[in-house]
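Letter by letter, the sequence shown follows residues 4 to 447 of our numbering.
Structure first, commentary second.
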Amino acid sequence: MVPDTNLTQIPDEKTGKMKFPVKLRKRRAEVRIYGRTAAYPSYRVAFYAAGKRVVESFKKYSDALHAARTVLDELCRGAESRALTPREVTDMLGIRDLLAELHAATGRKMSASQVVSEYVEAAKLLGDGESVVNVVKQYLRVMAKLKPMRLDEAVKSFVALQRAKSVSNNGGRPALCERYVDIVEDYLIELCNTFQNCQVGHLSVEGLDLHMSKFGRLAAKSRNDRRATIKQFLRWCTLRDYIEPTQASKLVNCDALKKEPVVRARVDFYRVNELRALLDAAPAELVPIIALQAFGGVRLEEALRMSWANVFSVEGHIEIGAEIAKLRSRRLVKMCPTLAAWLEPYRGRTGRVWTDTRGVYLYRFNKVRTSLGIPYRRNGLRHGWVSHYFALTNDENLTASQAGHDPTMLHANYRGLVSESEARLWFDVVPQRPQNVVSITAGH
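Quick look at the structure:
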């Protein structure tokens, strides 16, 4: 049988000497044997494996020829191991053992090529200085325990918990105001409309930028209120493992949620003639709420929570209990003669001063106001009382204690808004047919 190996170089017919290089070819593989020279005292077998030129040295030609034929056979079989150095062979054997351990421990079977390919891709994504192992440990410590949660479902759960806090269990004042919870719900529904069908863990800085850009026409305070609500919600989600803490911190501290300075609006209040018109035109059930704000400095929210016992149980005073007061601290408000005159027809009543919702009160009050052509003045009744009472008494501490206000803030925002004579006119707005009403100017 003719051997498959083709020696393309044979001894010279004239000299009988071998001509180098000797070429051995089989199919598409080729191996060359180089003779000895002054520079290279050994026979050299050269070939290409895995795109790499490999050279092996031998002292005897017979050994070189045997090695060349062996290599040629291996190359024809597709073996590329000849391209490896001894150290690389050792590494490969170690990799083989590690992959066997992986398979035994996890049942996952991977080739060395797959492992190296995934590692290289991960290393490129991580960049310099990051360890793949450390990142995986971080993932297992934090990310792996995250619970997938849709944003709208998380909002429902959060609002439900807040809503539960707006209900009194023992007859006292609940931890949260129902109106506050309504506002929180509205703000978070707005967020859901921006991030539709989104997981909490997928919220992004870019998305929050887009969300807050929708409210550019609102007042800075309104935007800040939305920011505060979103931050509170994100912190709640973090505690429940709906979002990775680092990502949540990044969102909470992003530019879109940074509190912006608020230019405090100028204090505005109803004029004396407007106040008179409002009281004369208001239905009987609205009059006490209007009077408590205009002549007692009671906040609207406080007035809506009051009972008639708060109005008449303490002689000469309005009692703002801790369960009613905004700051949850009891205070007594002196009932001036003007306020007493407006409230006297209601003496003997029991239960709540206002028996309906805040929304109903605002609707009915604004209906009266607009029918009279009176412009909207935010907190105009309470602002009117603070401004005029401060002007009349010239005592910021007394005014602040009656209003449940901070003296420094009161001084900065209300001082000098009206004169003493204007203040007297305000407190002279008594019912058209007063009974035993003594003007406040006779002794405040």
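From the three backbone atoms N, C-alpha and C, an ideal C-beta is built for every residue, glycine too.
- When secondary structure is reduced to three states using DSSP, Gln-117 falls in the helix class.
- Each residue's CA atom was taken as its position, placing Val-275 and Val-432 some 8 Å apart.
- Taking every protein chain shown into account, the CB of Ile-36 has 16 or more other CB atoms within 10 angstroms, so this residue is buried.
- The C-alpha of Val-203 is placed about 6 Å away from the C-alpha of Met-152.
- Contact check for Ile-323 against Val-336 passes: the beta carbons are separated by less than 8 Å.
- In the assembly as shown, Ile-293 is a buried residue. Its beta-carbon has 16 or more other beta-carbons within 10 Å.
- The alpha-carbon of Tyr-46 is positioned some 52 Å away from that of Val-138.
- Distances from the alpha-carbon of Arg-355 to those of Ala-32, Glu-288, Phe-368 put Glu-288 closest.
- The residue from Arg-56, Thr-241, Arg-238, Val-48 with its alpha-carbon nearest to that of Leu-68 is Val-48.
- Taken in chain order, the whole beta strand (DSSP E) runs of length 3 or more contained in the region 41-91 are 46-52, 55-61.
- Of the residues Glu-425, Ser-207, Gly-319, Arg-267, the one whose Cα lies closest to the Cα of Thr-249 is Ser-207.
- 8 Å or more divides the Cβ of Val-301 from the Cβ of Leu-420.
- Contact between Phe-272 and His-386 holds: their C-beta atoms lie close to 4 Å from each other, under 8 Å.
- By the neighbour-count definition (other C-beta atoms within 10 Å, threshold 16), Gly-383 is a buried residue.
- With a threshold of 16 other beta carbon atoms within 10 Å, Glu-305 meets it and is buried.
- Here Lys-224 carries a helix assignment [DSSP, helix/strand/coil].
- Here Ser-424 is exposed, its C-beta having fewer than 16 other C-beta atoms within 10 Å.
- Counting only residues of its own chain and dropping the five nearest sequence neighbours on each side, Cys-257 has a CB closer than 8 Å to the CB of Val-208, Leu-211, Asp-212.
- Between Lys-150 and Asp-244, the CB-CB gap stays under 8 Å.
- Annotation for Met-309: Ile-327, Val-356 place their beta carbon closer than 7 Å to its own, counting only its chain and skipping 5 residues before and after.
- With fewer than 16 other Cβ atoms from the protein chains shown falling within 10 Å of its own Cβ, Ile-192 counts as exposed.
- Our two residues, Val-123 and Leu-164, have alpha carbons roughly 47 Å apart in a direct line.
- Bounds of any beta strand (DSSP E) do not take in Arg-427; it lies within the alpha helix (DSSP H) bounded by 423-430.
- In the DSSP assignment, no residue is bridged to His-408.
- Nearest C-alpha to Arg-331 among Pro-44, Cys-180, Val-158: Cys-180.
- Its chain contains Pro-177, Ala-178, Leu-179, Val-184 as the residues whose beta carbon lies nearer than 8 Å to that of Lys-168, once the 5 sequence neighbours on both sides are disregarded; these appear in chain order.
- For Ala-32, there is no enclosing alpha helix (DSSP H); the residue is found in the beta strand (DSSP E) stretching over 32-37.
- If you draw a 10 Å sphere on the C-beta of Arg-56, you find fewer than 16 other C-beta atoms in it, and that means exposed.
- Apart from sequence neighbours up to five positions away, the residues of its chain that approach Arg-30 with a beta-carbon distance below 6 Å are Cys-79, ordered along the chain.
- Cβ contact annotation for Val-135 (same chain, cutoff 7 Å, sequence separation greater than five): Tyr-122, Ala-125, Ala-126, Leu-129, in chain order.
- A contact is defined here as three or more CB-CB pairs under 8 Å, and the region 342-354 meets this definition with respect to the region 311-319.
- Positions of the alpha helix (DSSP H) runs, each at least 4 residues long and wholly inside the region 317-395, are given as 340-346, 361-374 in order along the chain.
- One alpha carbon belongs to His-408, the other to Leu-278, and they sit about 23 Å apart.
- One alpha carbon belongs to Ala-280, the other to Leu-375, and they sit about 8 Å apart.
- With respect to the 8 Å criterion, Arg-381 and Leu-307 are not classified as neighbours on the basis of their beta carbons.
- Going by DSSP, Val-275 is part of the alpha helix (DSSP H) stretching over 275-284.
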